[in-house]
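The next block holds one structure in the form of structure tokens; read it before the comments.
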Amino acid sequence: MSAPRSPTRDLAAIAAFATLVGAATLWLDSGVWLNFVMMALYATLLAQAWNMLGGYGGQFSFGHALFFGTGAYVQAIAQMQGGVNPWAALALAVAVAAAVGLFVGALSFRYGLKGSYFALVTLAFAEVFRILALSVGFTGGGVGLMVPLQEGVANLQFASRKGYIALVLGFVVAALLATSWLRHSRFGASLQAVRDNEDAARAVGVDPYRTKLGAIALSGAFMGAAGAFYVQVFQYIDPAIAYGPHVSVEALVGAIVGGMGTLWGPLLGAAALHLLADLTRNLFGQLPGINMVVYGVVLVLIVMFLPRGIAGMGASVREVWRGRRDG
Amino acid sequence: MLEFGILFPSVLNGLTTGAVYALIALGLTLIYGVLHIINFAHGAALMVALYGVYLLKERVGIDPYLALPIVVPAMFALGYLLQRAVINRASHGRDENILLVTLGLSIVMENLALIVFKSDTRTIDTAYTLTTVPIGPAMIALPKLVAFAGALVASAVLVWIVERTDLGRAIRAVAKEKHGAKLMGIDVDHVYAMSFGIGLACLGAAACFLLPAYYVNPQVGSGFVLVAFTIVVLGGMGSFAGALLGGLLIGVVESLGGLFLGESLGQIGIFLIFIAVLLFRPQGLFGARA
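Read top to bottom, the protein sequences are chains A and B. Residues are numbered in our numbering as their position in the first sequence, beginning at 1, plus a constant of 553. Residues are numbered in our numbering as their position in the second sequence, beginning at 1, plus a constant of 1.
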């Protein structure tokens, strides 16, 4: 793996990316394209959130929808039943999702769950929350919650897609900055050390438990923001959308396809997958499930042939070229 | 105070479901014990087998129980091919990769089923669907009794294969010491694929016993996958006796949970058991302390 570039170069690249997307959004007219940009950024946010824990921390979660759904429900319930301003609800959604991350992390990491077991336990937690959301009253059960339409910046509801793009672009930039921080900070170095060799990291004085806990809270916070964003855009949430497997899969596949443990991988992966999903939709029409088939096939192919994802394609190809691949 | 007359049928029903769970979990635990991988596509593969049984009944008119000699070998072949052609090549020596590849396979299978069969829930009608048999104060549906007996017989066959045949000896040798087995002339890749095939063949048998009293839809597998993992973890990864007892136990827990808490909330019990066992006793109730 190549050495990470300097923090200033990361910042310059992130600023250039934000300017480019911002300018393109202002210039774009077509609703189809604006929608594409918004959904690609939203998918990027999911993948980046997963990448913080999965890519930099090496902890593979199969149930990241847990944090997404929690953020979404907090966002909806706080404004509908608590009368909280949606901007304040957003902060609350992020905080509660991070807290759920701390809770699940504290349980799993204290008892040393890793690898496949951690993946399964996150999935089980997401299922528990899904069934709870179906069974308790204040989530509206299976009917779901419909957030009333009240357009206005103060209400975090925009007349144009451009407003939502600005919002989600802000989240994505924040996630990029956080990821860049993981690359260059002491905490990030500890996290990557824990990922690569937990015992060695402990031997040099890193506390693996607290490090992983920090990563899952950070990751959960960004998933919570994505959930809140989803509620503001679509003004609807139900247990299957919130805690079902679709969001977990989208977050994980985006990060893995793009390249785990890289700054730009999740963006590449999410954009590539969305492009591919749109192409298949054009080819096959609106078949329910066709996107997920594409995601599944791409996931299998990437793990088989490009384990470092798109961002690590160069290195993978060079390795094959030199014939130094071992199984 | 709960009446015996309510509790007894519920426990009995739980045991019949539990036997099928046990058969599904046996396949999963065999794959884990030999290959040391977690087959996340286990539920999706069960769904494929259920659709196979469904199509044989509806299109060809073959009774689910008579479909056993078709579905079991077909699932075996599917497992053998998947392991050799896809899973074995994708691991790159990392467990997480297997988990991801089998996740990818399950996504593909589930959504292809969604495209082909739509999301409708389907059932089959047989002459014995509504037949019930009195056992003490309980009336148990005949297909459930057959499933109970069939699952136990299939489990016995599986244990016999692993304990008594040459193939079983090779499987156990590879599970214990892969390199040593290789030196003794055992084709490890072949044994891996055979184990995966047998694991999926269990699902074929489970599907034949399940469908007359159950239903199939594209998502049906995801309900089973966590249940099967719970049983395997509860019984101790790789333990056959553990999977059998764990399956029966989980069947009863689910049935009683449904009785006390209602259908949807009752399922939570299974997941809470799963989380608790993973956290506090990851070696399982019957496994040795690692």
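Every residue gets a Cβ at the ideal spot worked out from N, C-alpha and C, and that includes glycine.
With a cut-off of 7 Å, does the C-beta of residue i fall near any C-beta of chain A?
i: Leu-29 (chain B); result: no
i: Leu-360 (chain B); result: Any answer about residue 360 (chain B) is impossible in this case: the structure gives chain B only from 2 up to 291.
i: Ile-116 (chain B); result: yes
i: Ile-199 (chain B); result: no
i: Phe-1 (chain B); result: The requested residue 1 (chain B) does not occur in the structure, where chain B is confined to residues 2 to 291.
i: Ser-265 (chain B); result: yes
i: Ile-39 (chain B); result: yes
i: Arg-90 (chain B); result: yes
i: Asp-96 (chain B); result: yes
i: Gln-268 (chain B); result: yes
i: Val-160 (chain B); result: no
i: Gly-224 (chain B); result: no
i: Ile-108 (chain B); result: yes
Tell me which residues share the same chain as residue i and place their Cβ nearer than 6 Å to its Cβ, disregarding the 5 neighbours each side in the sequence.
i: Phe-775 (chain A); result: Ala-602 and Ala-728
i: Ala-45 (chain B); result: Ser-107, Met-110, Glu-111 and Gly-222
i: Val-254 (chain B); result: Gly-270
i: Ala-631 (chain A); result: Val-637, Ala-642 and Leu-645
i: Thr-124 (chain B); result: Tyr-216
i: Thr-833 (chain A); result: Ile-843 and Val-847
i: Val-815 (chain A); result: Per the sequence shown, residue 815 (chain A) should be read as Thr rather than Val. Once the five neighbours on either side are set aside, the close Cβ partners of Thr-815 (chain A) are Ala-864.
i: Leu-805 (chain A); result: Trp-603
Quick check: what's the CA-CA separation for residue i versus residue j?
i: Tyr-626 (chain A); j: Pro-144 (chain B); result: 42 Å
i: Leu-212 (chain B); j: Thr-578 (chain A); result: 53 Å
i: Met-2 (chain B); j: Leu-8 (chain B); result: Because the pLDDT at Met-2 (chain B) is just 48, under 50, the model does not fix this residue reliably, and the value given afterwards should be weighed accordingly. Going by the C-alpha atoms only, they are around 11 Å apart.
i: Arg-1 (chain B); j: Gly-695 (chain A); result: Since the first residue shown for chain B is 2 and the last is 291, residue 1 (chain B) is missing from the structure and cannot be characterised.
i: Leu-280 (chain B); j: Leu-666 (chain A); result: 7 Å
i: Met-238 (chain B); j: Gly-616 (chain A); result: 22 Å
i: Gly-780 (chain A); j: Ala-650 (chain A); result: 9 Å
i: His-827 (chain A); j: Phe-261 (chain B); result: 45 Å
i: Ala-152 (chain B); j: Leu-687 (chain A); result: 32 Å
i: Ile-63 (chain B); j: Phe-118 (chain B); result: 20 Å
i: Arg-861 (chain A); j: Ala-155 (chain B); result: 42 Å
i: Ser-669 (chain A); j: Phe-613 (chain A); result: 8 Å
i: Gly-842 (chain A); j: His-799 (chain A); result: 10 Å
i: Ala-571 (chain A); j: Trp-580 (chain A); result: 14 Å
For residue i, report the span of its alpha helix (DSSP H) as first-last.
i: Ile-232 (chain B); result: 221-236
i: Tyr-626 (chain A); result: 618-633
i: Asn-98 (chain B); result: 96-118
i: Gln-745 (chain A); result: 739-749
i: Asn-844 (chain A); result: 843-858
i: Leu-87 (chain B); result: Residue identity check: residue 87 (chain B) is Val in the sequence provided, not Leu. Unbroken run through Val-87 (chain B): none, as it is neither H nor E.
i: Asp-582 (chain A); result: From DSSP, Asp-582 (chain A) is part of no alpha helix (DSSP H); its letter is neither H nor E.
i: Phe-613 (chain A); result: First-last for Phe-613 (chain A): undefined, no H or E at that position.
i: Ala-868 (chain A); result: 866-875
i: Ile-276 (chain B); result: 269-281
i: Val-242 (chain B); result: The residue asked about is misnamed: residue 242 (chain B) is Ala in this sequence, not Val. Per DSSP, Ala-242 (chain B) belongs to the alpha helix (DSSP H) from 241-262.
Over the uninterrupted beta strand (DSSP E) stretch that includes residue i, give me the two end residues.
i: Pro-135 (chain B); result: 133-136
i: Ile-141 (chain B); result: 139-142
Any Cβ of chain B within less than 7 Å of the Cβ of residue i?
i: Leu-687 (chain A); result: yes
i: Met-857 (chain A); result: yes
i: Glu-680 (chain A); result: yes
i: Leu-673 (chain A); result: yes
i: Tyr-609 (chain A); result: no
i: Ala-677 (chain A); result: yes
i: Ser-583 (chain A); result: no
i: Met-554 (chain A); result: Legend: pLDDT at Met-554 (chain A) = 45, less than 50; position of this residue unreliable, no value from coordinates given.
i: Ser-738 (chain A); result: no
i: Pro-701 (chain A); result: no
i: Met-605 (chain A); result: no
i: Val-696 (chain A); result: no
Near residue i, which residues of its chain fall below 8 Å by C-beta distance, leaving aside the five closest residues on each side in sequence?
i: Thr-231 (chain B); result: Gly-247, Ile-251, Ile-271, Phe-272, Ile-274, Phe-275 and Val-278
i: Ala-182 (chain B); result: Ala-171, Ala-174, Val-175, Val-189 and Val-192
i: Ile-954 (chain A); result: Missing from the structure shown is residue 954 (chain A); chain A here goes from 554 to 880 and no further.
i: Met-633 (chain A); result: Leu-698, Val-700 and Pro-701
i: Ala-584 (chain A); result: In the sequence as displayed, the identity of residue 584 (chain A) is Gly instead of Ala. Result list for Gly-584 (chain A): Arg-714, in chain order.
i: Leu-293 (chain B); result: The structure shown has nothing for residue 293 (chain B), since chain B only spans 2 to 291.
Which same chain residues, not among the five before or five after residue i, have their C-beta less than 7 Å away from its C-beta?
i: Leu-594 (chain A); result: Ile-718, Val-721, Leu-722 and Val-725
i: Gln-745 (chain A); result: Tyr-609
Open item on the list: List, from N- to C-terminal side, the beta strand (DSSP E) runs of 3 residues or more that fit wholly inside the segment 29-68 of chain B.
Closed with: none
Task: Those runs of the alpha helix (DSSP H) which lie wholly inside the segment 654-731 of chain A and span at least 4 residues - done: 668-688
- [ ] Could you tell me which uninterrupted alpha helix (DSSP H) segments, each at least 4 residues in length, are contained entirely in the segment 167-230 of chain B, listed from first to last along the chain?
- [x] 167-177, 179-184 and 189-211
- [ ] Tell me the start and end of each unbroken alpha helix (DSSP H) in the segment 775-821 of chain A that is at least 4 residues and wholly inside, in chain order.
- [x] 792-796 and 798-811
Open item on the list: By the 9 Å beta-carbon criterion, what residues does the segment 272-283 of chain B contribute toward chain E?
Closed with: The chain inventory of the structure shown lacks chain E, comprising the protein chains A and B.
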